[in-house]
Amino acid sequence: KQDTIKLFEHHRGQWDKLQTPGVMIWDDFPWPVFKRPSGPDDVTAPYITAYMLSPLHPAEKSAKDRIKENIRRWHPDRFETQLLPKVKESDRDIVREAAGTVVRVLNDLLRSS
86 KQDTIKLFEH HRGQWDKLQT PGVMIWDDFP WPVFKRPSGP DDVTAPYITA
136 YMLSPLHPAE KSAKDRIKEN IRRWHPDRFE TQLLPKVKES DRDIVREAAG
186 TVVRVLNDLL RSS
């Protein structure tokens, strides 16, 4: 339980770091899954769903609000213009692929919530 709460806090910090200048790699992203993914194949609908709907998230936001906030973060219009250009070229395709999976799953979750 503590590890999960620490992971949520770590991910919040990673989002803040992504706003700073500099080159980013795959591991810099706070992928919304519990187990650190090694590539896009580890960023799946069941893993994203379990992470997003976890009851251990801080209580200040509902699951629906959390999903909406993450859709804004991962949405291609924002992600591909603000974050993807800063990603190291060798990681860019896998980051784009996994981010696409994340936003599709989040949209499905929002529709079903």
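To get my numbering, take the position in the sequence shown, counting from 1, and add 85.
Ideal Cβ placement from N, Cα and C applies to all residues, glycine included.
Item: Cβ neighbours of residue 195 in the same chain (closer than 8 Å, five flanking residues each side left out); Value: 149, 152, 153 and 156
Item: Limits of the unbroken alpha helix (DSSP H) element including residue 101; Value: 87-103
Item: Nearest-angstrom Cα separation, counted from residue 197 out to residue 89; Value: 24 Å
Item: Which listed residue (193, 192, 177 and 191) has its alpha carbon closest to that of residue 125; Value: 177
Item: Of the listed residues 169, 114, 132 and 133, nearest to residue 204 (C-alpha basis); Value: There is simply no residue 204 to check, as the chain begins at 86 and stops at 198 in what is shown.
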